[in-house]
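A.B. asks: Have a look at this one before I ask anything.
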Ligand code: ADP
Ligand code: MG
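Now the structure itself:
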């Protein structure tokens with residue numbers, strides 16, 4: 001796939017979609033348009049550390065009380081028991097029955113129903129097609145989108161969001177899709193930028209720039225943004241994915257036990273999409289600016305058992321931000337105007353503008369008996385975020 005990089009310097013006016021108000025910013029950068037005879041897609045990409053407004057989060061100043069009904073949907077994904085868990089004689093404590101999740105060992109059984117439940121044999125590709133693809137295509141059309149993976153450590157968040165070579169996750173699938181959509185949209189020119197950050201102990205660190213530590217979240221009439229965060233213009237899926245790989249190297253984790261420590265921070269991969277009509281072929285005069293946030297949340301396990309001070313502190317920050325996230329999502333899905341506590345955590349403050357667009361919370365769970373109570377907590381979180389129906393009364 002190849003794109004022509006077209007130098008550009010103009011004032012951009014955004015359209016109001018997904019609860020956003022019109023906004024404007026000035027950029028000087030390269031643009032992506034599908035091209036028949038190609039220039040090398042690897043050609044040196046422009047890099048920007050956008051000065052006046054690194055993240056063009058769009059919102060109306062009154063967003064605190066603005067709600068978009070049904071904008072966040074909740075999905076649960078089971079992972080299978082791992083070979084080790086099977087060897088250790090783990091049993092199935094929770095299982096999926098259609099879009100309902102049932103606890104095996106209780107009588108009468110406890111069950112929860114959700115928008116959609118994915119069983120342990122479901123591929124990430126299917127999860128993407130059903131739960132993420134429309135959010136990505138919406139973002140390409142100017143509607144902000146956010147996808148979260150929530151769950152305890154080892155439940156499958158990173159498998160779902162990042163995946164690996166054999167089973168690519170939602171982030172690589174979304175990036176590929178975004179470039180395919182550009183190819184299929186000859187009447188618009190696109191500019192894609194990525195940023196990648198980590199929130200560790202309520203501190204925002206730039207994963208694309210090791211010097212970008214403890215960054216401030218600022219707010220202006222157009223919304224919240226991270227001051228000084230690096231945004232890179234990307235010209236190919238491979239380029240975007242190489243930035244993530246480089247960013248992983250800068251995560252706030254030790255070299256040992258990466259999985260455990262990486263679960264102590266939230267990471268947010270943001271694709272900022274700008275598009276303008278091109279040539280004479282366009283009927284749609286709108287200029288769009290939107291963001292797609294793909295988030296691998298910190299492990300949601302209870303921190304009560306933590307012994308060291310640092311671990312307890314991390315746990316307290318994680319608990320608070322996840323609790324706030326649950327409250328914000330449930331208030332958004334209530335669909336009526338009320339105070340939404342975006343400011344109670346860095347995570348929700350940062351996402352304030354995007355959450356008024358389309359959102360998907362993917363709660364990952366393991367069926368294993370040793371995690372039965374933590375799984376129950378995740379199911380309650382998902383249920384609180386958005387309940388369809390309570391099927392039994394014992395689930396409080
Ligand atoms: P988390 O990020 O929530 O801590 P991981 O995504 O690292 O958890 O998953 C833990 C382990 O389980 C990994 O080895 C991963 O490959 C495996 N795993 C997770 N989800 C699935 C799944 N749906 N299917 C198969 N293996 C999975
Ligand atoms: Mg992980």
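Residue numbers (full-length UniProt numbering): 1 to 396.
Here a beta-carbon is modelled for each residue, glycine too, at the ideal position from N, C-alpha and C.
Mapping the DSSP letters down to three states, classify residue 264 as helix, strand or coil.
C.D. replies: Here residue 264 is taken as the residue at index 264 of the chain shown, counted from 1. Reduced to three states, the DSSP call for residue 264 is coil.
A.B. asks: According to the neighbour-count rule (16 or more other Cβ atoms, all chains shown, within 10 Å of its Cβ), is residue 79 buried or exposed?
C.D. replies: For the purposes of this step, residue 79 is taken as the residue at position 79 of the chain shown. Classification for residue 79: buried.
A.B. asks: Flag this pair as yes or no: are the beta carbons of residue 296 and residue 140 separated by less than 8 angstroms?
C.D. replies: Looking up residue 296 in the chain shown gives position 296. Looking up residue 140 in the chain shown gives position 140. Result no, Cβ atoms of residue 296 and residue 140 do not sit closer than 8 angstroms.
A.B. asks: Going by the CB atoms, is the gap between residue 317 and residue 202 shorter than 8 angstroms?
C.D. replies: Looking up residue 202 in the chain shown gives position 202. Looking up residue 317 in the chain shown gives position 317. Between residue 202 and residue 317, the gap from beta carbon to beta carbon is short of 8 angstroms.
A.B. asks: Less than 6 angstroms between C-beta atoms, sequence neighbours within five positions excluded: which residues of the same chain meet that for residue 119?
C.D. replies: Numbered from 1 along the chain shown, position 119 holds the residue referred to as residue 119. Excluding positions up to five away in sequence, the list reads 78, 96.
A.B. asks: Looking only at its chain, what residues have a beta carbon closer than 8 angstroms to the beta carbon of residue 104, apart from the 5 residues adjacent to it on each side?
C.D. replies: One-based indexing of the chain shown puts residue 104 at position 104. Excluding sequence neighbours, residue 104 sits near 91, 92, 93, 94, 95.
A.B. asks: In the DSSP assignment, what residue or residues form a beta bridge with residue 291?
C.D. replies: Position 291 of the chain shown, counting from 1, holds the residue named residue 291. In DSSP, residue 291 forms a bridge with 272.
A.B. asks: Output the boundary residues of the beta strand (DSSP E) element that contains residue 205.
C.D. replies: Residue numbering aside, residue 205 sits at position 205 when the chain shown is read from its first letter. Run containing residue 205: 203-206, per the beta strand (DSSP E) assignment.
A.B. asks: State the DSSP-derived secondary structure class of residue 368, mapped to helix, strand or coil.
C.D. replies: Within the chain shown, numbered from 1, the residue matching residue 368 stands at position 368. Strand.
A.B. asks: What does DSSP give as the partner residues of residue 197 in its beta bridges?
C.D. replies: For the purposes of this step, residue 197 is taken as the residue at position 197 of the chain shown. DSSP lists 206, 268 as the beta-bridge partner residues of residue 197.
A.B. asks: Using the three-state DSSP reduction, which class does residue 238 fall into: helix, strand or coil?
C.D. replies: The sequence position of residue 238 within the chain shown is 238, counting from 1. Note: residue 238 maps to helix in three-state DSSP.
A.B. asks: Helix, strand or coil, according to DSSP, for residue 192 in the structure here?
C.D. replies: Position 192 of the chain shown, counted from the start, is the residue given in the question as residue 192. Residue 192 falls in the strand class under three-state DSSP.
A.B. asks: Please look up how many angstroms separate the CB atoms of residue 224 and residue 216, rounded, as I've assumed it's under 8 angstroms.
C.D. replies: Here residue 224 corresponds to residue number 224 of the chain shown, with the count starting at 1. Here residue 216 corresponds to residue number 216 of the chain shown, with the count starting at 1. Going by Cβ atoms, the distance from residue 224 to residue 216 rounds to 10 angstroms, so no, they are not a contact pair.
A.B. asks: Tell me which residues share the same chain as residue 275 and place their Cβ nearer than 6 angstroms to its Cβ, disregarding the 5 neighbours each side in the sequence.
C.D. replies: In the chain shown, residue 275 corresponds to position 275, counting from 1. Excluding sequence positions up to five before and after residue 275, its CB lies within less than 6 angstroms of the CB of 188, 190, 288, all in the same chain and listed in chain order.
A.B. asks: Of all the options 113, 204, 292, 71, which has the alpha carbon lying nearest to the alpha carbon of residue 137?
C.D. replies: Within the chain shown, numbered from 1, the residue matching residue 137 stands at position 137. The shortest C-alpha separation from residue 137 is found at 292.
A.B. asks: Since residue 357 and residue 71 should fall inside the 8 angstroms C-beta cutoff, what is the C-beta to C-beta distance between them, to a whole number of angstroms?
C.D. replies: Reading the chain shown from its first residue, position 357 is the one you call residue 357. Reading the chain shown from its first residue, position 71 is the one you call residue 71. Indeed, because the Cβ distance is near 7 angstroms, the residues count as touching under 8 angstroms.
A.B. asks: Measure the C-alpha to C-alpha separation of residue 377 and residue 329 and round it to an integer number of angstroms.
C.D. replies: One-based indexing of the chain shown puts residue 377 at position 377. One-based indexing of the chain shown puts residue 329 at position 329. Their Cα atoms are separated by approximately 16 angstroms.
A.B. asks: Give the DSSP bridge partners of residue 397, in chain order.
C.D. replies: The requested residue 397 does not occur in the structure, where the chain is confined to residues 1 to 396.
A.B. asks: Can you tell me where the alpha helix (DSSP H) with residue 171 in it begins and where it stops?
C.D. replies: For the purposes of this step, residue 171 is identified with residue 171 of the chain shown, where counting begins at 1. 170-183 is the span of the alpha helix (DSSP H), which, as asked, contains residue 171.
A.B. asks: Could you check if residue 265 is buried or exposed, using at least 16 other CB atoms within 10 Å of its CB as the buried criterion?
C.D. replies: For the purposes of this step, residue 265 is taken as residue 265 along the chain shown, with counting starting at 1. Its Cβ being crowded by 16 or more others within 10 Å, residue 265 is buried.
A.B. asks: Considering only the alpha carbon of each residue, which of 226, 234, 228 lies closest to residue 193?
C.D. replies: Position 193 of the chain shown, counted from the start, is the residue given in the question as residue 193. Relative to the Cα of residue 193, the nearest Cα in the group 226, 234, 228 belongs to 234.
A.B. asks: When the Cα atoms are used, what is the spatial distance from residue 149 to residue 227?
C.D. replies: What you label residue 149 is simply residue 149 of the chain shown in a count that begins at 1. What you label residue 227 is simply residue 227 of the chain shown in a count that begins at 1. Looking at the two C-alpha atoms, the distance is approximately 25 angstroms.
A.B. asks: Can you give me the start and stop residues for the beta strand (DSSP E) that residue 217 sits inside?
C.D. replies: Residue numbering aside, residue 217 sits at position 217 when the chain shown is read from its first letter. Looking at the DSSP string, the run of the beta strand (DSSP E) that includes residue 217 is 217-220.
A.B. asks: Under the rule that 16 or more other beta-carbon atoms within 10 Å means buried, what is residue 231, buried or exposed?
C.D. replies: As a position in the chain shown, residue 231 is number 231, starting the count at 1. Classification of residue 231: buried, given that the 10 Å Cβ count is 16 or more.
A.B. asks: Taking 6 angstroms as the limit between beta carbons, can you name the residues of its chain near residue 128, skipping five residues before and five after?
C.D. replies: Here residue 128 refers to the residue found at position 128 of the chain shown. 170, 173.
A.B. asks: For a test of the three-state rule: what should DSSP assign to residue 62, helix, strand or coil?
C.D. replies: Here residue 62 is taken as the residue at index 62 of the chain shown, counted from 1. Caution is warranted here: a pLDDT of 30 is assigned to residue 62, below 50, making its placement in the model unreliable, and the coordinate value is therefore given only provisionally. Here residue 62 sits in coil by DSSP.
A.B. asks: Taking residue 165 as the reference, which of 121, 245, 369 has the closest Cα?
C.D. replies: Along the chain shown, one-based indexing puts residue 165 at 165. Checking every option, the nearest Cα to that of residue 165 belongs to 245.
A.B. asks: Here's the rule: buried if 16 or more other CB atoms are within 10 angstroms of the residue's CB, otherwise exposed. What is residue 339?
C.D. replies: Numbered from its first residue, the chain shown carries residue 339 at position 339. Under this definition residue 339 is an exposed residue.
A.B. asks: Do residue 122 and residue 168 have their C-beta atoms within less than 8 angstroms of each other?
C.D. replies: Here residue 122 refers to the residue found at position 122 when the chain shown is read from its first residue. Here residue 168 refers to the residue found at position 168 when the chain shown is read from its first residue. No. Outside cutoff.
A.B. asks: Candidates 319, 332, 81: which alpha carbon is nearest residue 345's?
C.D. replies: As a working note, residue 345 is residue 345 in the chain shown. Closest option to residue 345, Cα to Cα, is 319.
A.B. asks: So is the beta-carbon of residue 157 under 7 angstroms away from any non-hydrogen atom of the ligand MG?
C.D. replies: Against the chain shown, residue 157 aligns to sequence position 157. Yes, the beta carbon of residue 157 sits closer than 7 angstroms to at least one heavy atom of the ligand MG.
A.B. asks: Between residue 153 and the ligand ADP, is there a pair consisting of the residue's CB and a ligand heavy atom that are separated by less than 7 angstroms?
C.D. replies: Position 153 of the chain shown, counted from the start, is the residue given in the question as residue 153. Indeed, a heavy atom of the ligand ADP lies less than 7 angstroms from the Cβ.
A.B. asks: Our contact map puts residue 300 next to residue 322 with C-beta atoms below 8 angstroms; I'd like the distance itself, whole angstroms only.
C.D. replies: By one-based count along the chain shown, residue 300 stands at place 300. By one-based count along the chain shown, residue 322 stands at place 322. Between residue 322 and residue 300 the Cβ distance is about 6 angstroms, and since that is below 8 angstroms, they are a contact.
A.B. asks: Out of 364, 372, 199, 313, point me to the one whose CA is closest to residue 350's CA.
C.D. replies: In the chain shown, residue 350 corresponds to position 350, counting from 1. The shortest Cα separation from residue 350 among 364, 372, 199, 313 belongs to 199.
A.B. asks: Out of 112, 342, 176, state which residue places its alpha-carbon closest to the alpha-carbon of residue 363.
C.D. replies: Along the chain shown, read from residue 1 onward, the residue named residue 363 stands at position 363. For the residues 112, 342, 176, the minimum Cα distance to residue 363 belongs to 112.
A.B. asks: Checking 8 angstroms against the spacing of the C-beta atoms, do residue 152 and residue 117 come in under that value?
C.D. replies: Stepping through the chain shown from its first residue, residue 152 is reached at position 152. Stepping through the chain shown from its first residue, residue 117 is reached at position 117. No. Outside cutoff.
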